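J.: Pasting a structure here, questions to come.
Protein chains: 2
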Amino acid sequence: MADPEFQPDPAVVKRSAPTVEDVARAAGVSTATVSRCLNMPAKVGEATRTRVLKVVAELGYSPNFGARALAAKRTRTIGAIVPTMENAIFARGLQAFQEELGLHGYTLLVASSSYSPEREADQIRTLVARGADALLLIGFDRAPAITEWLEARAVPHVIAWAYDADAKALSVGFDNREAMRALASEVFARGHRRVAVLTAPIAQNDRARERLAGVRAAAAEAGLDPDTLRVVETPYSFDNGAAQMDLLMGDTPRPTAVICGNDILAAGAIAAARAKGLRVPGDVSVTGFDDIEIARVLDPLLTTVHVPHRDMGRACARDLIDILENGTHPASTELRTEVMLRGSLGPPAD
Amino acid sequence: MADPEFQPDPAVVKRSAPTVEDVARAAGVSTATVSRCLNMPAKVGEATRTRVLKVVAELGYSPNFGARALAAKRTRTIGAIVPTMENAIFARGLQAFQEELGLHGYTLLVASSSYSPEREADQIRTLVARGADALLLIGFDRAPAITEWLEARAVPHVIAWAYDADAKALSVGFDNREAMRALASEVFARGHRRVAVLTAPIAQNDRARERLAGVRAAAAEAGLDPDTLRVVETPYSFDNGAAQMDLLMGDTPRPTAVICGNDILAAGAIAAARAKGLRVPGDVSVTGFDDIEIARVLDPLLTTVHVPHRDMGRACARDLIDILENGTHPASTELRTEVMLRGSLGPPAD
DNA sequence: TTGTATGCGTTATCAT
DNA sequence: ATGATAACGCATACAA
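Sequences listed follow chains U and H, in order.
Numbering that gives the first Met the number 0 numbers the first residue of the first sequence as 0 and each following residue consecutively.
Numbering that gives the first Met the number 0 numbers the first residue of the second sequence as 0 and each following residue consecutively.
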């Protein structure tokens, strides 16, 4: 097939991507100058810079990622590990996080843990091995070993969705306990005494645990024994919410209010109540947490806690970039939440 | 502060991460063998392999990402560019995509275009520059220049959310036109004649355009002049859906059915109809597209088109990995959609 | 301001 | 099966 006599045109045979060297040669400068033009343009003479950049554009030069990472020891890539992107709250937070990163020339590496600490630890190591310069993590609950690993490797990281001023790690979030306490207080204030809590498994989830603690605190304030609260744990999903609600509504006597750990569980709960012929809030009140779109679409509208997911994502990005570029040590940020009183919460039936 | 006499313990002063060389020395083999143990364990003797891997574990060695990328010319990282992660359909697809990638040792790099072709082109270049071995893109609509660029650089990529057997590019998706035609046929079959379409801007969005074409096709089949359809374009969001629905419901005569380009617009439309005191479907029918969670929560339940988002994400991952690892040329995959007839669609009021 | 020279940690080719 | 060694392409300390 190939003609042995054939002499390829050098201008055409050049298959591989251009390198600094190609640019340097074409621009009549050294590779160092080319590199400088791209990374510290201020330190290069006006004339040479424009000349070099022109050549860069002409050749369609783009620095080799591996070489750059190897030499510079950084990738301008930041990792995020969330329980799942399917939950709108994490998707929303990630979106804002990514947008802010993009504004500063950083790229987002994503992994999900499916709420498993072991998988999260794996993902942490994987993303760092993949060159992540810093990480966004959700919540504080994780094995000490992986936290120590992060510290030992000096991997900048921020904890989102939770706030703890005393923690060693940087966090950007809100006080899950207090937010839920404020909401639960409204429930008890309306006279509810038989109250159930539908929560995600609290074992390795500090946010869920804190929220439950918030309900207990509100119960105590209302003069109730927190141990009389009916607590049901189930993974976050519409169907689980519905299934557990179905069981709860079979109890005698029936709870007059069900406080859910998030809006998705609450949506499932309301659907299940309806399916059983119960009115909300006439027969049973239901509350959520997060204030995602679904809360404004449910019938009745869902009483819930509004969380500034986008602000959280943005703030995380800013902190991480600040650490990376300026070596600072930002203080943790506490974001404000707000109880949204809507139709799904009413007085008890009896 | 520092004691000038202090002699640091060499075992402690070793700050930087261990390299192949460290492992090789400790295991009494060459760096080549260490590399082989990690990358092609089959080509190494049983005994040496276990010995080397033991040392790897002891030292906590992890190959340097930049060096590996530079030498191997690949990163085992795959990029995805979606319009936005806030839309549950993309979040769900991405989640499945990422899970499948993870199963095969690949990591996901994410960017969003905000439905802007220019931003998407930027992101494509950025992700490739960041070392993405392959890309997942949404839909076919993009400037020829960037498509050519992808071809020229031989960047493996898959188009999701759309299917075109004749296109040069690999695609994994469904026939948006036919799916919407099937749904719209149900609407016309119920006798609706004054029908409005609430769609995303169709300018640079082939999915939206195809869906609109599907409605037109169904109208024609029903003996209607497609040009009598009232078409309203608005960016995908609950509030936009509500606002445009509010305007539509002010028309005289009022449309008896509103076909929406996705479930979020439909949710907004139903809320707006309600707010205006109109019953759905009594006064006006509403349909969506996607069949996300919200469709099962709305009152009435939303008639929509079910799309296998997770299957799509998974299939995209498999194809890309197949290309990368085996150099194959997978054929495009057409996925099945299904019309979900639910309460929001009824006969016309008059 | 610009150039020179070296190191970065792997992978892969080619011997052995 | 294993070892020696040459790329890989860039950033940067140091010189000029």
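Think of the CB as a built atom: it goes at the ideal place given N, C-alpha and C, for glycine as much as any other residue.
Bear in mind that the values here come from a model prediction, so they are computed numbers and not experimental data.
May I ask you to list, following chain order, the residues of the region 287-301 of chain U that have a beta carbon less than 8 Å from some beta carbon of chain H?
T.: Against chain H - using a Cβ distance shorter than 8 Å - the residues of the region 287-301 of chain U are Glu292, Ile293, Arg295, Val296, Leu297, Asp298.
J.: Name, please, each residue of chain U whose Cβ falls closer than 8 Å to the Cβ of Arg129/H.
T.: Locating residue 129/H in the second sequence gives position 130, counting from the first residue. In chain order: Phe64, Thr74, Arg75, Thr76, Thr106.
J.: Rounded to a whole number of angstroms, what is the C-alpha to C-alpha distance between Glu292/H and Ala16/H?
T.: Residue mapping note: residue 292/H aligns to position 293 of the second sequence, counting from 1. Residue mapping note: residue 16/H aligns to position 17 of the second sequence, counting from 1. In a straight line, the C-alpha of Glu292/H is about 46 Å away from that of Ala16/H.
J.: Which one or two residues does DSSP pair with Glu337/U in a beta bridge?
T.: Within the first sequence, residue 337/U is the residue found at index 338, counting from 1. DSSP output for Glu337/U lists His305/U as bridge partner(s).
J.: Give the single residue among Thr146/U, Leu136/U, Arg152/U, Asn63/U whose Cα lies nearest to the Cα of Val171/U.
T.: Position 172 of the first sequence, counted from the start, is the residue given in the question as residue 171/U. Ranking Thr146/U, Leu136/U, Arg152/U, Asn63/U by Cα distance to Val171/U puts Leu136/U first.
J.: Starting from Leu107/U, trace the beta strand (DSSP E) both ways and give me its first and last residue.
T.: Working through the first sequence from its first residue, we reach residue 107/U at position 108. Looking at the DSSP string, the run of the beta strand (DSSP E) that includes Leu107/U is 106-111.
J.: Say whether chain U places a C-beta atom closer than 7 Å to the C-beta of Ser115/H.
T.: In the second sequence, the residue the question calls residue 115/H occupies position 116. No - not a single Cβ of chain U is within 7 Å of the one on Ser115/H.
J.: Is there a C-beta anywhere in chain U that falls below 7 Å from the one on Val109/H?
T.: Looking up residue 109/H in the second sequence gives position 110. It does: the Cβ of Val109/H has a partner Cβ on chain U nearer than 7 Å.
J.: Report yes or no: is there a C-beta of chain H within less than 7 Å of the C-beta of Glu85/U?
T.: Reading the first sequence from its first residue, position 86 is the one you call residue 85/U. So, interface residue.
J.: Could you list which residues in chain H have their beta carbon closer than 8 Å to that of Arg91/U, in chain order?
T.: Taking the first residue of the first sequence as 1, we reach residue 91/U at position 92. Under the 8 Å cutoff, chain H gives Met84, Glu85.
J.: According to DSSP, is Val194/U helix, strand or coil?
T.: The count along the first sequence starts at 1 and reaches residue 194/U at position 195. The answer is strand: DSSP assigns Val194/U an E or B state.
J.: Helix, strand or coil for Thr350/H? Go by DSSP, reduced to three states.
T.: Residue 350/H falls outside the range modelled here, since chain H spans only 0 to 349, and no answer is possible.
J.: Grab me the residues of Ala221/U's own chain with a C-beta within less than 7 Å of its C-beta, minus the 5 sequence neighbours each way, in chain order.
T.: Indexing the first sequence from 1 puts residue 221/U at position 222. The answer, listed in chain order, is Phe187.
J.: Between which two residues does the beta strand (DSSP E) containing Ser236/U stretch?
T.: To locate residue 236/U, count along the first sequence from 1; it is residue 237. No beta strand (DSSP E) contains Ser236/U, which DSSP labels as neither H nor E.
J.: Under 7 Å between C-beta atoms, does Ser61/H make it to chain U?
T.: The residue given as residue 61/H occupies position 62 in the second sequence. Yes, contact with chain U.
J.: When the cut-off is 7 Å and only beta carbons count, does Phe237/U lie next to chain H?
T.: Taking the first residue of the first sequence as position 1, residue 237/U is located at position 238. So, interface residue.
J.: Go to Ile158/U, then tell me how far its beta strand (DSSP E) extends in each direction, as first and last residue.
T.: Here residue 158/U refers to the residue found at position 159 of the first sequence. Looking at the DSSP string, the run of the beta strand (DSSP E) that includes Ile158/U is 156-159.
J.: Does DSSP classify Gly101/H as helix, strand or coil?
T.: For this step, residue 101/H is matched to residue 102 along the second sequence. Three-state result, Gly101/H: helix.
J.: By DSSP's criteria, Ala256/H is part of a beta bridge. Which residues make up the other side?
T.: Here residue 256/H refers to the residue found at position 257 of the second sequence. In the DSSP output, where bridge partners are listed per residue, Ala256/H has Val194/H, Ser284/H.
J.: Rounded C-beta distance between Thr74/U and Gly130/U? I'm assuming under 8 Å.
T.: For the purposes of this step, residue 74/U is taken as residue 75 along the first sequence, with counting starting at 1. For the purposes of this step, residue 130/U is taken as residue 131 along the first sequence, with counting starting at 1. Indeed, because the Cβ distance is near 4 Å, the residues count as touching under 8 Å.
J.: Count the CB pairs spanning the region 255-271 of chain U and the region 308-319 of chain U that are closer than 8 Å, and state whether there are at least three.
T.: At 8 Å Cβ cutoff, the stretches do not touch.
J.: Answer with yes or no whether the minimum CB distance from Gln94/U to chain H is below 7 Å.
T.: Counting from one through the first sequence, the residue named residue 94/U turns up at place 95. It does; some Cβ of chain H falls within 7 Å.
J.: Quick one: Cα of Phe5/H to Cα of Val214/U, how far?
T.: Mapped onto the second sequence, residue 5/H falls at position 6. Mapped onto the first sequence, residue 214/U falls at position 215. Because Phe5/H carries a pLDDT of 36, less than 50, the predicted location of this residue cannot be relied on, and no value is offered for it.
J.: Any beta carbon of chain U sitting closer than 7 Å to that of Leu69/H?
T.: Looking up residue 69/H in the second sequence gives position 70. So, interface residue.
J.: In the DSSP assignment, find the unbroken beta strand (DSSP E) run with Ser355/U in it and report its ends.
T.: Any answer about residue 355/U is impossible in this case: the structure gives chain U only from 0 up to 349.
J.: Give the residues of chain U in contact with Thr125/H, contact being defined as C-beta atoms less than 9 Å apart.
T.: Your numbering for residue 125/H matches position 126 in the second sequence. What Thr125/H touches in chain U: Gly101, Gly104, Thr106.
J.: Which one of Ala207/U, Leu247/U, Ala217/U has the shortest CA to CA distance from Tyr235/U?
T.: For this step, residue 235/U is matched to residue 236 along the first sequence. Cα-wise, what sits closest to Tyr235/U is Ala207/U.
J.: Between Ala266/U and chain H, is any beta-carbon pair separated by less than 7 Å?
T.: To locate residue 266/U, count along the first sequence from 1; it is residue 267. True, the Cβ-Cβ gap to chain H drops below 7 Å.
J.: On the criterion of 16 or more Cβ atoms from any shown chain inside 10 Å, does Met248/U qualify as buried, or is it exposed?
T.: Within the first sequence, numbered from 1, the residue matching residue 248/U stands at position 249. With 16 or more Cβ atoms within 10 Å of its Cβ, Met248/U is classed as buried.
J.: Can you give me the C-alpha to C-alpha distance between Arg180/H and Glu337/H, rounded to a whole angstrom?
T.: Within the second sequence, numbered from 1, the residue matching residue 180/H stands at position 181. Within the second sequence, numbered from 1, the residue matching residue 337/H stands at position 338. Rounded to whole angstroms, Arg180/H to Glu337/H spans 11 Å at the Cα level.
J.: What would DSSP say about Thr83/U, mapped onto helix, strand or coil?
T.: Residue mapping note: residue 83/U aligns to position 84 of the first sequence, counting from 1. Thr83/U: coil per DSSP, three-state reduction.
J.: Quick one, which of Glu99/H, Ile123/H, Gly92/H, Arg192/H has its alpha-carbon nearest Ala256/H's?
T.: Working through the second sequence from its first residue, we reach residue 256/H at position 257. Measuring from the Cα of Ala256/H, the nearest candidate turns out to be Arg192/H.
J.: What's the gap between the Cα of Gly65/U and the Cα of Ile80/U?
T.: As a position in the first sequence, residue 65/U is number 66, starting the count at 1. As a position in the first sequence, residue 80/U is number 81, starting the count at 1. The alpha-carbon atoms of Gly65/U and Ile80/U are separated by roughly 23 Å.
J.: Return no unless some Cβ of chain U is closer than 7 Å to the Cβ of Pro3/H.
T.: For the purposes of this step, residue 3/H is identified with residue 4 of the second sequence, where counting begins at 1. With a pLDDT of 37 at Pro3/H, under the threshold of 50, the predicted position of this residue should be treated as unreliable, though the coordinate-derived value follows. No, Pro3/H lies away from the interface with chain U (no Cβ there is under 7 Å from its Cβ).
J.: Exposed or buried, what is His328/U when buried is set at 16 or more other beta-carbons lying within 10 Å of its beta-carbon?
T.: Position 329 of the first sequence, counted from the first residue, corresponds to residue 328/U. Flag for His328/U reads exposed.
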